[in-house]
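Asks:
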Amino acid sequence: MKKIVEKVLLLQFLLFLAGVSQPTQAQEIVLKTQLETNPVKSVLFRLKINAPKGATYYIDYGDGTEKVTKTGSGRNEIIDYHFADMEKVKEHGVKVWGANFTEFMVISNQQVTEISLTDCTELINFSCANSLLKKLDLSKCTKLKKVICNANQIEKLFIPDNVTWLDFKLNRLALADFPKKNGMYTYGPMRPAYLSADKIKGLTVDLTDFLKYNGTTSTFQWYRYNGKGNDADPAMLIDPQTYKEENGVFAFNQAYEEEIYCVVANKELPRLNNINDQYGIMPIKLNGKSKELKQVHAAFITDKFTTDGLPFELTLSSLKNNSQCNINWGDGVIEELVLNKEARIVKHNFIDAKVGKQHLVQIECADIDLVKLPEVCGLIRFEAGNTDNSVKRLVLDCNRIATLDLTLFKQCEEISANSCYANEIKLPATTTLKKLSLNGNNITQIALSEYKNMEELSLERNKLTEIDLSQLNNLTKVNIEYNKISSLKLNDDYTKLAELKCGHNAIPMYMLPEKKNMTIYMYAPQESYDIPKALINEYVVDLSRFNNLKGLTGKPQPTTYMWFIADNSSTPIIKALHYDEKDGIFSFKLPETTKMYCSIQTEAFPDLTSEAQSYHTKPITMKAVTNNVSNIEGNKDEIRIYQSVNAVTIFAKSDITIHIYNVQGEYITSSSIKANGSVTIQLPAGIYIAKVQGKKTMKLIVS
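Adding 51 to a residue's 1-based position in the sequence shown gives its number in the numbering used here.
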């Protein structure tokens, strides 16, 4: 056996002499450097090596020159070198081999990009600082005690457990790649790490390599990149509500226009951060599609500007307890919550709030019941979702909006949009609506005939001039006060109506409904009745529709009519003398044109009979009665008779004689009139008969 070994060794030696092979080297260190040496500027590639005394080792600088043979001195030696081909080649591969090195140092700032060590089992100290290394594997250097590799770009670092002095600060290691602590341990500050592409999938970012250190869980803060480094600018902080984190995996709700980065902190490593380059990950770009709700049951756009002290307050409830609800606030925040039958207020401060900024807020809840928007919430409009709007109760009070389109709420049972000052409100086409309150708007018309299940209706303080409720026979409460309504139509069967408030309108008294089963009936005051022209026929005024009203009494009540001169005196106009009346139809015989009005009183509506709320018509102008005889047969003389105070004036086209008698037929006086002339006859107040020879007589009144 001994002879075989000797022969093998002899063969290896002979092959070595022939240049075919060479003996295996004890240690080998290979590196690449991008240092541009310049002797004039004293820039040289510099190493510090400790090899055993008398040991021969070699250095190949990779510049085409012969290898350099060195002899170890047993102590540290500094070696300087200028690359011979520096003008042509900018990167060099340097190899050192041949001895059992105990210390190897690449002096700082040597622009080393790679380094590998083979069989360096005797190496005790290693240093390569302020260079460009991305990976350093010293795991097989089993006698290594001291390692200095700070200020590189190291992402992977492998150190044997026996190292007791380690300085690896200012590199780019994830916490999972931090070496084990065993003595002197300088780790910070640490540069932010580069995240590999496989850790970013759409809107999901995997930071599990940063989650824990030595059993302690890290904290994470995300920022939008401002182009100034990972400086953790508070103004660029991403609200945690815009993403979810589970065991170090982050799922974002939306992508961002700019890159984002994460700052990582761990209590076990308090010196991780650099002031302007916080530890975590370098900026990355999210490219996924913004997260959307699976179903949108209600949505609206708002431009409300929120602050910490003035958030957006949305009140919600569900038809049953423990109903899952998701709200997409339109600023990247998707909030998950649980709704119950009891309403709850959900507060939110838009994270990107600024004046004029609009947000589309979407609500996902299959069992949604109440949606109540806060007052002055900046409502722009409602938006359609991707499924039927299932809101049952909608409250929008005190939100100024010119046009309010509610047509999407087809399952709604209650709508309240008071004090919105809307000029137009579009209601949903539905039969489910039971309660509607639109007080304090500017609507001039509203169609309600299709809402046959309507129970409560409130339209107070609008600009309605008419309202038709004739198709709604389930009404229990109606409030239409403070409008300009002059036409009110109710269903013939309104026995369910318990409360009606219709005062402060212009509803004619005869149009006011009977009280029937109402417990609350407020009908006064009403504006004066504007007598239609169709009810005025020359000297005749028809107010008969005000006769026999039932009102609050349940049976017909007599109506008292009194006419007054429409001036400051309100002088009564005398019945029989100035007009005749039959069943509310008035025939006037005024001696002169008169502006007048009629007071209409009845026990059917007692609240309209008081002095403060006396119901009456608007003034009309009635002409004086001209008692001419144009209807007399053969009135070729064209006789005309005009009444005046205590006198009559008679005109004639031809010569005539006129005779005046009282109603008893007693002769009073006569007078002759020349052609185209006239005569005025003074007479006491009373009723008289005028007769012209050969013609019919006529009655006249003198007041």
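Where is the CB? At the ideal position from N, CA and C, for every residue including glycine.
Mind pulling the alpha helix (DSSP H) runs of 4 or more residues that sit fully within the segment 238 to 303?
Replies: none
Asks: Would you give the residue range spanned by the beta strand (DSSP E) that M560 belongs to?
Replies: Here M560 belongs to no beta strand (DSSP E), and DSSP marks it neither H nor E.
Asks: In this structure, does DSSP put D403 in helix, strand or coil?
Replies: coil
Asks: Could you give the residue range of the beta strand (DSSP E) that holds V94?
Replies: It is not in any beta strand (DSSP E) - V94 carries neither H nor E in the DSSP assignment.
Asks: Taking the alpha-carbon positions, what's the T75 to A150 distance?
Replies: Any answer about T75 is weak, because its pLDDT of 45 lies below 50 and its placement is not dependable; what the coordinates show is given next. Using only the alpha carbons, I get a separation of about 11 Å.
Asks: Please name the residue, chosen from F261, Y264, L288, K186, that lies closest to W273 on a Cα-to-Cα basis.
Replies: L288
Asks: Pop quiz: F351 and F261 are said to be a contact at Cβ under 8 Å. What is the actual Cβ separation, rounded to whole angstroms?
Replies: Contact doesn't hold; Cβ gap of about 39 Å is too wide.
Asks: Start and end of the beta strand (DSSP E) containing K423?
Replies: 419 to 423
Asks: What is the DSSP secondary structure of L774, reduced to helix, strand or coil?
Replies: This structure cannot settle anything about residue 774, because the visible part of the chain is limited to 52 through 754.
Asks: Could you tell me which residues DSSP pairs with E507 in its beta bridges?
Replies: K486, K528
Asks: Could you give the distance in angstroms between the alpha-carbon of T653 and the alpha-carbon of N530?
Replies: 24 Å
Asks: Verify whether the separation of the beta carbon atoms of G144 and G115 is less than 7 Å.
Replies: no
Asks: L510 and I497 look like a contact to me (Cβ under 8 Å); what is the Cβ gap, rounded to whole Å?
Replies: About 7 Å separates the Cβ atoms of L510 and I497, confirming a contact at the 8 Å cut-off.
Asks: Our contact map puts E319 next to T267 with C-beta atoms below 8 Å; I'd like the distance itself, whole angstroms only.
Replies: 4 Å
Asks: If you drop the 5 nearest sequence neighbours on each side, which residues of the same chain put their C-beta closer than 8 Å to that of N504?
Replies: T482, T483, L484, K485, N525
Asks: Helix, strand or coil: how does DSSP classify K704 here?
Replies: In the structure shown, the three-state DSSP call for K704 is coil.
Asks: Spatial neighbours of N493 within its chain, please: C-beta separation below 7 Å, excluding the five flanking residues on both sides.
Replies: Y472, A473, N474, N513, K514
Asks: Give the single residue among E142, E565, R596 whose Cα lies nearest to the Cα of Y580.
Replies: R596
Asks: Just checking, does the segment 400 to 411 make contact with the segment 329 to 336 on the three C-beta pairs under 8 Å criterion?
Replies: no
Asks: So is L66 buried or exposed if we call it buried at 16+ other beta carbons inside 10 Å?
Replies: Low local confidence applies: a pLDDT of 46 at L66 is under 50, so the model's placement there is unreliable, and no value is given.
Asks: Which runs of the beta strand (DSSP E) spanning at least 3 residues fall entirely within the segment 540 to 609, listed in chain order?
Replies: 550 to 552, 571 to 573, 591 to 593
Asks: Between the beta-carbon of A435 and the beta-carbon of I332, is there less than 7 Å?
Replies: Going by C-beta atoms, A435 is not nearer than 7 Å to I332.
Asks: Taking the alpha carbon of H629 as the point to measure from, which residue in N599, K250, I738 has its own alpha carbon closest?
Replies: I738
Asks: Taking the alpha-carbon of I536 as reference, which of Y330, E517, L523 has the nearest alpha-carbon?
Replies: E517
Asks: Which value, in whole angstroms, describes the spacing of the CA atoms of T458 and D519?
Replies: 21 Å
Asks: Between the beta-carbon of T668 and the beta-carbon of Y648, is there less than 7 Å?
Replies: yes
Asks: Do you know how far the Cα of L390 is from the Cα of N373?
Replies: 6 Å
Asks: Just to confirm before moving on: does the CB-CB distance between I378 and I419 stay below 7 Å?
Replies: Pairing I378 with I419 gives a Cβ-Cβ distance that is not under 7 Å.
Asks: Quick test of the definition: if touching needs 3 or more C-beta pairs under 8 Å, does the segment 277 to 295 touch the segment 186 to 196?
Replies: Cβ pair count under 8 Å is below three, so no.
Asks: Helix, strand or coil for P90 per DSSP?
Replies: helix
Asks: Looking only at DSSP bridge pairs, what is I199 linked to?
Replies: In DSSP, I199 forms a bridge with S178, D218.
Asks: So what does S638 bridge to, in DSSP terms?
Replies: V591, D631
Asks: With contact counted as at least three CB pairs below 8 Å, one residue from each stretch, are the segment 90 to 98 and the segment 178 to 195 in contact?
Replies: No, the segment 90 to 98 does not touch the segment 178 to 195.
Asks: Counting only the same chain and skipping the five closest in sequence on each side, list residues whose C-beta sits under 6 Å from that of G383.
Replies: T293, N304, Q305
Asks: Which word fits Y276, buried or exposed, when buried means at least 16 other C-beta atoms lie within 10 angstroms of its C-beta?
Replies: buried
Asks: Would L594 pass as a contact of G635 if the rule is Cβ separation under 7 Å?
Replies: yes
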